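Visitor: Sequences listed follow chains A and B, in order.
Under my numbering, the first residue of the first sequence carries the number 302, and numbering increases by one thereafter.
Under my numbering, the first residue of the second sequence carries the number 302, and numbering increases by one thereafter.
There are 2 protein chains.
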Amino acid sequence: MTIIDGKKISDDIKLEIANQVKDIVSKGNRPPHLAAILVGHDGGSETYVAHKIRACEQCGFKSTLLRFEEDVTEQELLQAIKSLNDDDSVDGFIVQLPLPKHINEQNIIEAIDYKKDVDGFHPINVGRMSIGLPCFKSATPAGIMMLLERYNIDTKGKKCVVLGRSNIVGKPVATLLMQKGNPGNATVTVCHSYTPDIKEICLQSDIIIAALGSPEFVKADMVKEGAVIIDVGTTRVKDNSRKSGYKLTGDVDFENVSKKCSYITPVPGGVGPMTIVSLMNNTLLAATKAIYK
Amino acid sequence: MTIIDGKKISDDIKLEIANQVKDIVSKGNRPPHLAAILVGHDGGSETYVAHKIRACEQCGFKSTLLRFEEDVTEQELLQAIKSLNDDDSVDGFIVQLPLPKHINEQNIIEAIDYKKDVDGFHPINVGRMSIGLPCFKSATPAGIMMLLERYNIDTKGKKCVVLGRSNIVGKPVATLLMQKGNPGNATVTVCHSYTPDIKEICLQSDIIIAALGSPEFVKADMVKEGAVIIDVGTTRVKDNSRKSGYKLTGDVDFENVSKKCSYITPVPGGVGPMTIVSLMNNTLLAATKAIYK
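This is the structure:
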């Protein structure tokens, strides 16, 4: 059994990106520049954004953080997005989600110039990914594909089950896995809350992508001997023994499932670091105009 | 066993649309207006466009056909599209595919204003459909969903297999079937040329959507007793006994499969007429600004 080391792969890729940035800068160009909009002071969002900014430093990117208080109006955010869209010194930017309830997230996402939408959430990027055209792929699905690729895990003709049908993980990762390509060409089944026989479907699957947000949902008796397990879950579960007061828990019962499978991603240290490195990769693609002119 | 009568359902819906158009016109508004661009003289394309124009008449729509010869340049087509985009008297328009090889189809599709893209092929509409936002759904998948709805076929929690992963049928119908909604909420598996065990997967399925373009691919021994069969195939197979010299053949061995299943769509007269009625429905939605302002 191999534990898929997302931390190591993400470090490798950040180094590769940093080398490309050195090359760009040595030719007299400015480094790639990622901006992030953060609203309010949610603990999770603060942590994610801090990690993204740190990753920018590691890659040699410039980063800019724009902070807004919880009571910012939608109009003010839209104005900030317009400024970033118009700013030629910014290659790509993200708006850290979730946003306060008085703001329509979809309005915000669609206001971002799709050519700077390095989160890949704009409908144009979602649609282009579905059609199989060059685009900014959303970070978590793209990160999962990178892990499969770097570990040479064959997906062609394999039975793959995706647990969860969210817009940011389940649906897009299913699309990428079924498309022509390597990784890709898998036979993909998407399960969700209305699926009555998830256990039976998992038992038939060569690859399980768990993205339900349900701690330790996937048990050992649901997993075929030798299966590949990708755990996208990251639920904060209360844990008084830790200084933080919680532990990050995946959708897979790691202790028992790891005894049966061929590959497994841990939580933390599996898919999580890859999500951030995908964002870095998209920012590099934006800066080099590799996707859109 | 019930034969799903796509012809009858499409006639019913066209009548419903025609009644709405009467209402629109009686209030002093102009009727909906669909334009179509047809390049060359391919027999299939000529037939499809003629059917679409006839459907417009049945629905009380105005229709306009713009014809171009086979040697039209991409630039000329793009100019025609720009004129239609700018023409307030046109609610929606389509470019009949396929186009001659010297023209980049994707450039043409993306040049269409997504607010007039009643075929639902523009990346914005594809992306919005994937996310579950209001959009012009592409005609064949939307037509299949209408058939399931009109026949009260329950899809919730059902195992559904989609054979084929094309951008215009396989992938979008999979997306619609797995989404929240009714019809929807199905457990969907997408099979394709790299799937080794299609028969086994079909035998487990409550609903089979065959969209491979492979005549009579689905045999009786691949179908579970009582399954629902939706046949999207329309291959012209040589038939000298017919005046036309060919017969339209589905992806399902109708004669034998129909003895085992609960519902089945015939070819022709099943999904085909629904595709055109979906286009009419999208044109009505465009004219009434029900999706986009």
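Just so you know, even glycine gets a beta-carbon here, dropped at the ideal spot from N, CA and C.
This structure is a prediction, so every number in the text was calculated from the model and none was measured.
Taking only three categories from DSSP, how would you classify residue 305(B)?
Guide: For residue 305(B), the three-state secondary structure derived from DSSP is coil.
Visitor: Assign residue 357(A) to one of three DSSP states: helix, strand, or coil.
Guide: Helix, per DSSP.
Visitor: In terms of DSSP beta bridges, what is residue 280(B) paired with?
Guide: What is shown of chain B runs 302 to 594, which leaves residue 280(B) out entirely.
Visitor: Residue 562(A) and residue 527(A) - do their beta-carbons sit closer together than 8 Å?
Guide: yes
Visitor: DSSP state of residue 398(B), grouped into three classes?
Guide: coil
Visitor: Quick check: what's the CA-CA separation for residue 496(B) versus residue 565(A)?
Guide: Between the C-alpha atoms of residue 496(B) and residue 565(A) there is a straight-line separation of about 24 Å.
Visitor: Kindly indicate the opening and closing residues of the beta strand (DSSP E) around residue 336(A).
Guide: 334-340
Visitor: Run through chain A and tell me which residues come within less than 8 Å of residue 425(B), C-beta to C-beta.
Guide: 424, 425 and 428
Visitor: Can you look up residue 323(B) in the DSSP assignment and give me helix, strand or coil?
Guide: helix
Visitor: Shortest alpha-carbon distance to residue 421(B) belongs to which of 400(B), 394(B) and 408(B)?
Guide: 394(B)
Visitor: Below 8 Å on the Cβ atoms is my guess for residue 471(B) versus residue 463(B); work out the distance and round it to an integer in Å.
Guide: 5 Å
Visitor: What number of angstroms, rounded off, separates the C-alpha of residue 503(A) from the C-alpha of residue 480(B)?
Guide: 20 Å
Visitor: Do residue 415(A) and residue 305(A) have their C-beta atoms closer together than 8 Å?
Guide: no
Visitor: Residue 428(B) and residue 439(A) - do their beta-carbons sit closer together than 8 Å?
Guide: no
Visitor: Cβ closer than 9 Å: which chain A residues qualify as neighbours of residue 431(B)?
Guide: By Cβ distance, chain A contributes 424, 427, 428, 430, 431, 468, 472, 473 and 476.
Visitor: If the cut-off is 7 Å on Cβ atoms, which residues from the stretch 480-492 of chain A count as contacting chain B, listed in chain order?
Guide: 486, 488, 489, 490, 491 and 492
Visitor: Taking C-alpha atoms, which residue in 377(A), 486(A) and 443(A) lies nearest to residue 419(A)?
Guide: 443(A)
Visitor: By alpha-carbon positions, which one of 508(A), 382(A), 467(A) and 425(A) ends up nearest to residue 460(A)?
Guide: 508(A)
Visitor: Grab the span of the alpha helix (DSSP H) containing residue 562(B) for me, first residue to last.
Guide: It is not in any alpha helix (DSSP H) - residue 562(B) carries neither H nor E in the DSSP assignment.
Visitor: Which runs of the alpha helix (DSSP H), 4 residues or longer, sit entirely within the stretch 454-535 of chain A?
Guide: Counting only runs of 4 or more, we get 471-479 and 499-504.
Visitor: So, under 8 Å CB-CB, residue 638(A) and residue 469(A) are touching, yes? Tell me the CB distance rounded to an integer number of Å.
Guide: Here chain A covers residues 302 to 594 and nothing more, so residue 638(A) does not appear.
Visitor: Please determine if the stretch 378-391 of chain A and the stretch 386-400 of chain B are in contact, where contact requires at least 3 C-beta pairs separated by less than 8 Å.
Guide: no
Visitor: Please state the DSSP three-state secondary structure of residue 365(A).
Guide: strand
Visitor: For residue 400(A), which residues in the same chain have their Cβ closer than 6 Å to its Cβ, ignoring the five residues on either side in sequence?
Guide: 340 and 406
Visitor: For residue 320(A), count the other beta carbons within 10 Å of its own beta carbon; 16 or more makes it buried, fewer makes it exposed. Which is it?
Guide: With fewer than 16 Cβ atoms within 10 Å of its Cβ, residue 320(A) is classed as exposed.
Visitor: Just to confirm before moving on: does the CB-CB distance between residue 404(A) and residue 375(A) stay below 8 Å?
Guide: yes
Visitor: Mind listing, in chain order, the continuous alpha helix (DSSP H) runs of no fewer than 4 residues lying wholly within the stretch 395-456 of chain A?
Guide: 406-412, 424-432 and 440-451
Visitor: Per DSSP, what kind of secondary structure is residue 329(B) in: helix, strand or coil?
Guide: coil
Visitor: Taking Cβ positions only, does residue 449(B) come closer than 8 Å to chain A?
Guide: no
Visitor: To the nearest angstrom, how far is it from the Cα of residue 398(B) to the Cα of residue 332(B)?
Guide: 26 Å
Visitor: For a contact defined as C-beta to C-beta under 8 Å, what are the partners of residue 434(B) on chain A?
Guide: What residue 434(B) touches in chain A: 407 and 424.
Visitor: Round the Cβ separation of residue 519(A) and residue 552(A) to the nearest angstrom and send it over; I've been treating them as touching at under 8 Å.
Guide: Confirmed, Cβ separation roughly 6 Å.
Visitor: Under the rule that 16 or more other beta-carbon atoms within 10 Å means buried, what is residue 540(A), buried or exposed?
Guide: The residue in question, residue 540(A), is exposed, as its Cβ has fewer than 16 Cβ neighbours within 10 Å.
Visitor: Quick check: the Cα distance between residue 335(A) and residue 582(B), rounded to an integer number of angstroms?
Guide: 43 Å
Visitor: Anything in chain B within Cβ reach of residue 457(A), meaning under 7 Å, just list it in chain order.
Guide: Residues of chain B passing the Cβ test: 495.
Visitor: Roughly how far, in whole angstroms, is the beta-carbon of residue 307(B) from the beta-carbon of residue 448(B), given that I think they are within contact range, below 8 Å?
Guide: Under the criterion of beta carbons closer than 8 Å, residue 307(B) and residue 448(B) qualify as touching, at roughly 6 Å.
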